[in-house]
Amino acid sequence: MKKEDYKIHIIGAGISGLIAAQVLENYGYSPIIIEATDFAGGRVKTDIIDGYQLDHGFQVLLTAYPLAQRYLDFEKLSLQKFLPGACIFKNGTLRTVGDPIRNPSLLIPTLFANLGNFSDKIKILRLNSMLKKKSVTTIFEDQEISTLLYLKDYGFSDEIINDFFKPFFSGIFLEPNLETSSRMFEFVYKMFGEGSAALPKDGIVGIVNQLVSKLKKTDILYDSPVKQVEDGRIILKNGAEIKSDFTLIATEPNQVIPNLKNQNIDWRACDTLYFEVNHRIIDKPLIGLISDKEALINNVFYHTSLKTSTVSKKELLSVTVVKNHQFEEKELKQMVIKDLDQYCGITQCKFIKHYHIKNALPRIKNLQYEISPTETKLTSTLFLAGDQLLNGSLNAAMISGERAALGIIKTLEEGLIVEEFTSEFM
Numbered sequence: 032m033k034k035e036d037y038k039i040h041i042i043g044a045g046i047s048g049l050i051a052a053q054v055l056e057n058y059g060y061s062p063i064i065i066e067a068t069d070f071a072g073g074r075v076k077t078d079i080i081d082g083y084q085l086d087h088g089f090q091v092l093l094t095a096y097p098l099a100q101r102y103l104d105f106e107k108l109s110l111q112k113f114l115p116g117a118c119i120f121k122n123g124t125l126r127t128v129g130d131p132i133r134n135p136s137l138l139i140p141t142l143f144a145n146l147g148n149f150s151d152k153i154k155i156l157r158l159n160s161m162l163k164k165k166s167v168t169t170i171f172e173d174q175e176i177s178t179l180l181y182l183k184d185y186g187f188s189d190e191i192i193n194d195f196f197k198p199f200f201s202g203i204f205l206e207p208n209l210e211t212s213s214r215m216f217e218f219v220y221k222m223f224g225e226g227s228a229a230l231p232k233d234g235i236v237g238i239v240n241q242l243v244s245k246l247k248k249t250d251i252l253y254d255s256p257v258k259q260v261e262d263g264r265i266i267l268k269n270g271a272e273i274k275s276d277f278t279l280i281a282t283e284p285n286q287v288i289p290n291l292k293n294q295n296i297d298w299r300a301c302d303t304l305y306f307e308v309n310h311r312i313i314d315k316p317l318i319g320l321i322s323d324k325e326a327l328i329n330n331v332f333y334h335t336s337l338k339t340s341t342v343s344k345k346e347l348l349s350v351t352v353v354k355n356h357q358f359e360e361k362e363l364k365q366m367v368i369k370d371l372d373q374y375c376g377i378t379q380c381k382f383i384k385h386y387h388i389k390n391a392l393p394r395i396k397n398l399q400y401e402i403s404p405t406e407t408k409l410t411s412t413l414f415l416a417g418d419q420l421l422n423g424s425l426n427a428a429m430i431s432g433e434r435a436a437l438g439i440i441k442t443l444e445e446g447l448i449v450e451e452f453t454s455e456f457m
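Under this note's numbering, the first residue of the sequence shown carries the number 32, and numbering increases by one thereafter.
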């Protein structure tokens, strides 16, 4: 049988599924992606409303991600880079801190920021140097503790933990108490140090559009939710059955495979609210962190501080909430507007859109960086992909998609096809 004649299906057109399709194409196969919605990208999505680009949640691309460097053309994405720093709102004042070595314009404001003590600054330099030398493999082999405990053990003061580390990394980990693994903290910190945080000029969806445009031998079936996946066939919710030699599941597997053991995913949620405002309090592309413990909001960002493909009339502000709450949208909006005024001095906000991202990041224990192609195999013809297999990052989504595709290729090319299920998972 010719390579292009094999019926290889990918469930889900998210980042993992798109990378898997690209790898299969690179090896001469012609996969089919089955997507439940009418768009590719999964959680990576951008809407255009009133001339503003609204990403579904505050998302950035870290240019140091190894897999992003492999599969994305940064130049064609027209990446708009954040400055390496942050603005911190505390007690009604705004302080700017950053890395003056990478951007000299941040030297003076950082010197006068009065954030943390002298010992904290020495420890930050030491942490930067240590993580620059530490390999990603070593990071994910180290013992896991919470990020908060890691920072305390490192000797950072409560002040700099509460004023900087908590609001900054809470916005990344989508949880307010820094319970996330120290492995993830070291990995993300290293990635920030070795590259830039950036957004495509088209918004975060630019990543998806580029990945889709690269697929030349892949068909994508949109609006085709899957009911069940079995060895050899896929059953759609409309009752249609599709024969499949191999199926790569790049979505939550427990939703399409009955009686699946140990594959339930626990998710972290967050809220992102967008507002139109008349002017920017932060004039540079820097994230704003709210360090006051009583605040509901965690961070803010003026998206119009970066160049975008659309033309906007005023300024676009996003607000991220990571704390658990029971507010309905109307009350949440009122609370956020109140916080913006009280803690940031931001007023006259015109509400545009609220996104409640229920499945924003997988909550994972024993975080890993790598997975072998054989580890993605569920049965002889079913393979799994998704960042939930490793860690909650774009890089992990890409790795898992690549490895699952390589698992199928390895099985095909080595003739290791067997019919029985493996009892380990079922």
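Beta carbons: idealized from backbone N, C-alpha and C, even for Gly. Note that the structure is predicted; figures quoted are calculated from it, not measured.
Inter-residue Cα distance where the pair is residue i and residue j
{"i": "I280", "j": "I39", "result": "11 Å"}
{"i": "A41", "j": "A300", "result": "The sequence given here has Ile at residue 41, not Ala. Each residue's alpha carbon lies about 26 Å from the other."}
{"i": "K268", "j": "T412", "result": "21 Å"}
{"i": "F156", "j": "D130", "result": "What sits at residue 156 in the sequence shown is Leu, not Phe. L156 and D130: Cα-Cα distance of roughly 10 Å."}
{"i": "I46", "j": "A71", "result": "8 Å"}
{"i": "L447", "j": "D104", "result": "Because L447 sits at a pLDDT of 47, beneath the cut-off of 50, its placement in the model cannot be relied upon, and the following sentence gives the value as read from the coordinates. Roughly 35 Å between the two C-alpha positions."}
{"i": "A229", "j": "K345", "result": "22 Å"}
{"i": "K274", "j": "R264", "result": "4 Å"}
{"i": "K163", "j": "N330", "result": "27 Å"}
{"i": "A95", "j": "G270", "result": "44 Å"}
{"i": "E359", "j": "I368", "result": "14 Å"}
{"i": "D78", "j": "L415", "result": "29 Å"}
{"i": "I170", "j": "E217", "result": "7 Å"}
{"i": "E225", "j": "D36", "result": "43 Å"}
{"i": "S61", "j": "K165", "result": "39 Å"}
{"i": "T178", "j": "N290", "result": "35 Å"}
{"i": "T127", "j": "Y333", "result": "15 Å"}
{"i": "N426", "j": "L137", "result": "29 Å"}
Min CB distance residue i to chain C below 8 Å
{"i": "F382", "result": "The chain labelled as chain C is not found in the depicted structure, where only one protein chain is given."}
Cβ-Cβ distance between residue i and residue j below 8 Å
{"i": "S201", "j": "V353", "result": "yes"}
{"i": "Q19", "j": "I235", "result": "An answer regarding residue 19 cannot be provided, because it is not within the stretch 32 to 457 covered by the chain."}
{"i": "K384", "j": "Y305", "result": "yes"}
{"i": "S188", "j": "G147", "result": "yes"}
{"i": "N349", "j": "T303", "result": "A small correction: the amino acid at residue 349 is Ser; Asn does not occupy that position in the sequence shown. In contact: S349 and T303 (Cβ atoms closer than 8 Å)."}
{"i": "S424", "j": "K121", "result": "no"}
{"i": "I50", "j": "M429", "result": "yes"}
{"i": "E56", "j": "K248", "result": "yes"}
{"i": "S336", "j": "P231", "result": "no"}
{"i": "L320", "j": "I119", "result": "yes"}
{"i": "K154", "j": "G123", "result": "no"}
{"i": "Y374", "j": "E66", "result": "no"}
Same chain, Cβ closer than 6 Å to residue i, neighbours up to 5 away in sequence not counted
{"i": "P207", "result": "S201, V353, K354"}
{"i": "L398", "result": "S212, R214, M215, N422"}
{"i": "G48", "result": "I41, I64, A281"}
{"i": "F277", "result": "I39, T412, I439"}
{"i": "Q84", "result": "T77, G234, T339, T341"}
{"i": "D86", "result": "T77, G234, I235"}
Cβ neighbour criterion (16 or more within 10 Å) applied to residue i
{"i": "L180", "result": "exposed"}
{"i": "N309", "result": "exposed"}
{"i": "K221", "result": "buried"}
{"i": "I328", "result": "buried"}
{"i": "T405", "result": "exposed"}
{"i": "V342", "result": "exposed"}
{"i": "H356", "result": "exposed"}
{"i": "T168", "result": "exposed"}
{"i": "F143", "result": "exposed"}
{"i": "P97", "result": "exposed"}
{"i": "I318", "result": "buried"}
Any non-hydrogen atom of the ligand GDP within 7 Å of residue i CB
{"i": "K163", "result": "Among the components modelled here there is no ligand, and therefore nothing to report on the ligand GDP."}
For residue i, the residue or residues it bridges with in DSSP
{"i": "Y83", "result": "I80"}
{"i": "Q259", "result": "I266"}
{"i": "F171", "result": "F171 pairs with nothing; no bridge assigned."}
{"i": "V352", "result": "D302"}
{"i": "P393", "result": "W298"}
{"i": "T127", "result": "C118"}
{"i": "V331", "result": "G319, V350"}
{"i": "P231", "result": "L110"}
{"i": "S177", "result": "S212"}
{"i": "H387", "result": "D302"}
Beta-carbon proximity list for residue i, same chain, < 8 Å, skipping 5 on both sides
{"i": "V287", "result": "I42, V257, K258, Q259, V260, I280"}
{"i": "A391", "result": "R74, G88, L205, W298, R299, A300, C301"}
{"i": "K364", "result": "L304, F382, H385"}
{"i": "N134", "result": "L114, P115, G116"}
{"i": "F223", "result": "L93, A95, P115"}
{"i": "K389", "result": "W298, A300"}
{"i": "K33", "result": "none"}
Contacting residues, own chain, Cβ-Cβ under 7 Å from residue i (five flanking each side not counted)
{"i": "G438", "result": "P404, T405, T407, K408, F414"}
{"i": "D372", "result": "T378"}
{"i": "N159", "result": "G224"}
{"i": "R311", "result": "Y333, S336, E346"}
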